[in-house]
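K.L.:
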Amino acid sequence: MRPVSAILRTKGVPEVWSSAELVERCHRGRIILVDDDDEILAAFTSLLELEGYACEAFSSALDYLGQLGAPRRCPPGPCCVLLDVMMPDLDGLEAQRRLAGLDDTPLLLMSGASGVQEAVTAFRAGALDFLIKPIEAETLLEAVEKALAVSRARQATRARTQDQSRRLAALTPREHDVAVRVARGKLNRVIGEELGLALRTVKLYRQRCLEKLEARSTADLIRILQEEDP
Amino acid sequence: MTGQESGISYLSLGLINLLLPLLIWVVLARLRSRVVALWCLGSLLGAGSLFLVGRPGVLPGRIFDSASNLMDFMSMLCIIQALRLDQKVPWRFRWLAVASLGYLLLYEFTRQAQGYLTLRMALVPFVALILLLQVVGWAWLIARRQQSVGALAIAGAHLLLAGNMVYILANLLLPRSGALACTRQSSGLMDMLGLLAALAGDVGFIGLALERSLHQWQEAAAGEARLEERQILGNQLAHLDRQRGFGLVAASLAHELNQPLTAILAGAQAARRGTAAKRLDPAQSLDLLDKIILNARRISSITGRIRTFIRPSEPHPEPVDLEKTTREMLELVELDLQRHGIQVAFPAGGEPVLVQGDAIQLSQVVLNVLRNAIEAVQLVEGRSIQIQLSRSGGVAVLGIHDSGPGLDPEVALRAGTPYFTTKDQGLGLGLSISTAILSQHQGSLILRNAEGGGARVDIRLPLLAAGEALA
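Line by line, the protein sequences give chains A and B. Counting in my numbering, the first sequence runs from 1390 upward without gaps. Counting in my numbering, the second sequence runs from 146 upward without gaps.
1. What residue from B:Val602, B:Ala296, B:Val171 has the CA that sits closest to Glu356 of chain B's CA?
2. Using the Cβ count rule (16 or more neighbours within 10 Å means buried), how would you classify Trp236 of chain B?
3. Show which residues of chain B have a CB atom less than 8 Å away from the CB atom of Asp1452 of chain A.
4. Check whether the Cβ atoms of Met221 of chain B and Leu278 of chain B lie closer than 8 Å to each other.
5. Count the other CB atoms, across all protein chains shown, that sit within 10 Å of the CB of Thr263 of chain B; report buried if there are 16 or more and exposed otherwise.
6. Any C-beta of chain A sitting closer than 8 Å to the C-beta of Asn440 of chain B?
7. May I ask you to verify whether the region 1470-1488 of chain A touches the region 1415-1423 of chain A, counting CB pairs closer than 8 Å and requiring at least 3?
8. Kindly give me the distance between the Cβ atoms of Phe271 of chain B and Leu340 of chain B, rounded to whole angstroms, as I take these residues to be in contact under 8 Å.
9. By Cβ distance, which residues of its chain are closer than 8 Å to Glu1440 of chain A, with the 5 residues on each side in sequence left out?
10. Run down chain B in chain order and give the residues with a C-beta less than 8 Å from the C-beta of Asp1428 of chain A.
11. Quick one: list the residues of chain B neighbouring Phe1433 of chain A, beta-carbon separation under 7 Å, in chain order.
12. On the criterion of 16 or more Cβ atoms from any shown chain inside 10 Å, does Ala324 of chain B qualify as buried, or is it exposed?
13. Along the chain, which unbroken stretches of the alpha helix (DSSP H) at least 4 residues long are found entirely within the region 164-247 of chain B?
14. Tell me whether the region 466-485 of chain B and the region 498-508 of chain B touch, counting them as touching only if at least three CB pairs, one residue from each stretch, are closer than 8 Å.
15. Using 8 Å as the cut-off, can you tell me whether the region 244-252 of chain B makes contact with the region 184-192 of chain B, which would need three or more C-beta pairs spanning the two stretches below that distance?
16. Compare the C-alpha of Arg1414 of chain A against each of A:Leu1437, A:Arg1605, A:Leu1584 and name the closest.
17. Cα separation between Leu229 of chain B and Leu576 of chain B?
18. Count the other CB atoms, across all protein chains shown, that sit within 10 Å of the CB of Ala365 of chain B; report buried if there are 16 or more and exposed otherwise.
19. Going by DSSP, which residues form a beta bridge with Ser589 of chain B?
20. Touching or not, the region 1587-1596 of chain A and the region 163-178 of chain B, by the rule of three or more beta carbon pairs under 8 Å?
21. Near Ala504 of chain B, what residues of its chain come up, given a Cβ to Cβ distance below 6 Å and the 5 sequence neighbours on each side ignored?
22. Is there a Cβ of chain A sitting closer than 8 Å to that of Ala595 of chain B, yes or no?
23. Helix, strand or coil: which one does DSSP assign to Val478 of chain B?
24. Are the beta-carbon atoms of Ser1500 of chain A and Val1533 of chain A separated by less than 8 Å?
25. Taking the runs of the alpha helix (DSSP H) that are 4 residues or longer, which of them lie wholly in the region 1509-1553 of chain A?
26. In three-state DSSP terms, what is Gly598 of chain B?
27. At 8 Å on the CB atoms, spell out the chain A contacts of Val418 of chain B, in chain order.
28. Counting only beta-carbon atoms, is Gly1501 of chain A nearer than 8 Å to chain B?
29. Rounding to the nearest angstrom, what Cα-Cα distance links Cys1444 of chain A and Ala1548 of chain A in this structure?
30. What separation, rounded to the nearest whole angstrom, lies between the Cα atoms of Pro550 of chain B and Leu515 of chain B?
31. So what does DSSP say about Val348 of chain B, is it helix, strand or coil?
32. Helix, strand or coil: which one does DSSP assign to Gln330 of chain B?
Shown next, in the form of structure tokens:
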């Protein structure tokens, strides 16, 4: 493990890790820290990196938002943002509003002044947790782990839907028509009448749909189509 | 009465008149002033005149008369001048010299010229009468103005002498009693009156001076007590206002304290967990510990600032950098600025702007003005506060200009009066305390509407010269 001090002074993804270590850390979880106080960034970075996570530190929300658009290659893995509410240029709640339209990375907010109003606003806008400074290490790690789990789940869902979309795209228009009608619970005969197809042809299309969508059963096919077009 | 007896009586009168001013000079040693000196000189001149009359052989006859008369005249002038000086309306001394010379010339003229016997006889008592009435008038005025028994005694004694002069003049001028041989009539009445006047006058003068000094001491003591009381009260008020101001920025301070505390807690727990899991090498541990120490020091500097700010303390003058003070106070209100989206422009000046004063009290003034500005800009949309620190002709000017609605004329007129406030929860003391603090520092606070809108406060304080700052 590298000396923490070398890591502390860098912003963004530290350069000091070997790619293998970075991959391993990112697989465990990448935590984006945003706080205007450099000392807090340094302390949280040490704490989280000692637990084996990868950290990225930003001393203003504007910096973080600014680099979101830039294409970056990051090793795969769950990710969450730990955002301070009270910051000079752009406060955490406003940053949360702006982030909402950009990506679905789980958000943890933290603040020193425990304003109920702020916490309510943050939760309504979808924050996973609202941590009050000073934060106990266990509380922080627990919240981070929860956020990373959410991130993992979201990434998995996204991967699955992407996969399904790809598979759905492989259907011909006719097969798609049949699949949609199957999903609506129509009988083969009715489908054949509606589309002007012979019963045998409908059955053939239906079989091809199951194969192309990698659905194990008709129920599976129905679920896939519902997820695609609820 | 024989010439011998009359000579002795004049000598003894002269001796008394000589001793009395010396006595005054000794008794009033601590109160010696030009008034006392003039009075004593007057008495001494009078004594000199009496000695001359008592020992006619000392000077040749020609000079003797003139000298004794001139000394009498000057003695009276000195006494009148002493009383006038006491009332702060003295004659010019050069006019006194001219008057003495004029009197001498007139007297010599009457002696040389023939056929002016009556005039010559009447001149001396007449002039004496006028001068005595002057003494009576001024002494009476002082007695009335200051309820002084001493002055009353002076007036009374000289009134008796004046009465005697009227009697002499009447004897001279009214034909039925016949002309008297000499103005220096050595009658028993004359001696008695002279003695009485000298005694009463001098004792009265001592009384007057003592009463005066006693009065002054009382006044001074009372004034000092009032001043001290006002200063204590002022300090207490300033302290209360600081505590109140501190309460208003407490949220900001809590945030400021929380930041390093958060860093300390996280750093310490990282060190603890890392050490427990044997994942930290010594270099990493040291680094974490150094960070913890650094943040603990951050906290202690903040608490130190709070302590000095709210501690009741005697004003302690020292060179104060207004720029540093202003930046510190901006840090105190940082949270309010952020919360209300207020932009602050305070261009860095480079060199420190030093004034002499109490650092805490001056901080308090700056904080008060900043808080007013913060409250004012909350009423509008574009919220900004512009701060400028400049030097102009030996004066440091800290201008704080807010983008608020400014003051309406009625408020502008009453702002700074104690207990006047436009705020629901205000005490109305902030600006008047600030003004009081600044005037104690020979400075001033000017509140007015700025040309481009908003209110502008100028804090002006005398600059400390570079040399003084080092001393």
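C-beta atoms are modelled at their ideal positions from N, C-alpha and C, and glycine is treated no differently.
P.N.:
Reading it off the structure:
1. One-based indexing of the second sequence puts residue 356 of chain B at position 211. The shortest Cα separation from Glu356 of chain B among B:Val602, B:Ala296, B:Val171 belongs to B:Ala296.
2. Along the second sequence, one-based indexing puts residue 236 of chain B at 91. Under a 10 Å Cβ-count criterion, Trp236 of chain B is classified as exposed, with fewer than 16 other Cβ atoms of the shown protein chains found around its own Cβ.
3. Taking the first residue of the first sequence as 1, we reach residue 1452 of chain A at position 63. Going along chain B, no residue has its Cβ under 8 Å from Asp1452 of chain A, so there is no contact; the nearest lies around 17 Å.
4. Within the second sequence, residue 221 of chain B is the residue found at index 76, counting from 1. Within the second sequence, residue 278 of chain B is the residue found at index 133, counting from 1. No, these two residues do not count as a Cβ contact at 8 Å.
5. Counted from its first residue, the second sequence places residue 263 of chain B at position 118. So Thr263 of chain B counts as exposed.
6. Working through the second sequence from its first residue, we reach residue 440 of chain B at position 295. Asn440 of chain B counts as touching chain A.
7. With the rule of 3 Cβ pairs closer than 8 Å, the region 1470-1488 of chain A counts as touching the region 1415-1423 of chain A.
8. Here residue 271 of chain B refers to the residue found at position 126 of the second sequence. Here residue 340 of chain B refers to the residue found at position 195 of the second sequence. Between the beta-carbon of Phe271 of chain B and that of Leu340 of chain B there is about 23 Å, and that puts the pair past the 8 Å contact cut.
9. Numbered from its first residue, the first sequence carries residue 1440 of chain A at position 51. Once the five neighbours on either side are set aside, the close Cβ partners of Glu1440 of chain A are Leu1530.
10. Taking the first residue of the first sequence as 1, we reach residue 1428 of chain A at position 39. The sequence shown places Glu at residue 1428 of chain A, not Asp. Chain B residues near Glu1428 of chain A: Gln404, Pro405, Ala408, Lys436, Leu439, Asn440, Arg443.
11. On the first sequence, residue 1433 of chain A is found 44 positions in, with the first residue counted as 1. Chain-order list of chain B residues neighbouring Phe1433 of chain A: Ala411, by C-beta distance under 7 Å.
12. Counting from 1 along the second sequence, the entry for residue 324 of chain B is found at position 179. Low confidence applies to Ala324 of chain B: its pLDDT is 45, below 50, so where it sits in the model is not reliable enough to give any reading.
13. Complete alpha helix (DSSP H) runs here, min 4: 179-199, 206-231.
14. The region 466-485 of chain B is in contact with the region 498-508 of chain B.
15. Pairwise C-beta distances place the region 244-252 of chain B out of contact with the region 184-192 of chain B, as fewer than three of them are shorter than 8 Å.
16. Taking the first residue of the first sequence as 1, we reach residue 1414 of chain A at position 25. For Arg1414 of chain A, the closest of A:Leu1437, A:Arg1605, A:Leu1584 by C-alpha to C-alpha distance is A:Leu1437.
17. Against the second sequence, residue 229 of chain B aligns to sequence position 84. Against the second sequence, residue 576 of chain B aligns to sequence position 431. The amino acid occupying residue 229 of chain B in the given sequence is Arg; Leu does not appear at that position. For Arg229 of chain B and Leu576 of chain B, the distance between alpha carbons rounds to 47 Å.
18. By one-based count along the second sequence, residue 365 of chain B stands at place 220. Its Cβ having fewer than 16 others within 10 Å, Ala365 of chain B is exposed.
19. Counting from 1 along the second sequence, the entry for residue 589 of chain B is found at position 444. Ser589 of chain B is bridged to B:Arg605.
20. Two segments are said to touch when three or more pairs of C-beta atoms, one from each, lie closer than 8 Å; by this definition the region 1587-1596 of chain A does not touch the region 163-178 of chain B.
21. In the second sequence, the residue the question calls residue 504 of chain B occupies position 359. For Ala504 of chain B, same chain residues with a beta-carbon under 6 Å away, outside a window of 5 residues either side, are Val465 in chain order.
22. Within the second sequence, the letter at position 450 stands for residue 595 of chain B. Answer no: the Cβ-Cβ gap between Ala595 of chain B and chain A never drops below 8 Å.
23. In the second sequence, the residue the question calls residue 478 of chain B occupies position 333. Coil, per DSSP.
24. Counted from its first residue, the first sequence places residue 1500 of chain A at position 111. Counted from its first residue, the first sequence places residue 1533 of chain A at position 144. Val1533 of chain A is positioned such that its CB atom lies no closer than 8 Å to that of Ser1500 of chain A.
25. Those alpha helix (DSSP H) runs which fall completely within the region 1509-1553 of chain A and span 4+ residues do not exist here.
26. On the second sequence, residue 598 of chain B is found 453 positions in, with the first residue counted as 1. Assigned with DSSP and collapsed to three states, Gly598 of chain B falls in coil, not helix or strand.
27. The residue you call residue 418 of chain B lines up with position 273 of the second sequence. It is worth fixing the name first, because residue 418 of chain B is Arg in this sequence and not Val. Simply Leu1436, Leu1439, Glu1440, Ala1526.
28. Numbered from 1 along the first sequence, position 112 holds the residue referred to as residue 1501 of chain A. With 8 Å as the cut-off, Gly1501 of chain A counts as an interface residue toward chain B.
29. Within the first sequence, residue 1444 of chain A is the residue found at index 55, counting from 1. Within the first sequence, residue 1548 of chain A is the residue found at index 159, counting from 1. Cα to Cα, Cys1444 of chain A sits roughly 24 Å from Ala1548 of chain A.
30. Counting from one through the second sequence, the residue named residue 550 of chain B turns up at place 405. Counting from one through the second sequence, the residue named residue 515 of chain B turns up at place 370. Going from the Cα of Pro550 of chain B to the Cα of Leu515 of chain B covers about 15 Å.
31. For the purposes of this step, residue 348 of chain B is taken as the residue at position 203 of the second sequence. When secondary structure is reduced to three states using DSSP, Val348 of chain B falls in the helix class.
32. Reading the second sequence from its first residue, position 185 is the one you call residue 330 of chain B. Any reading at Gln330 of chain B is ruled out, since the residue's pLDDT is 48, under 50, leaving its predicted position unreliable.
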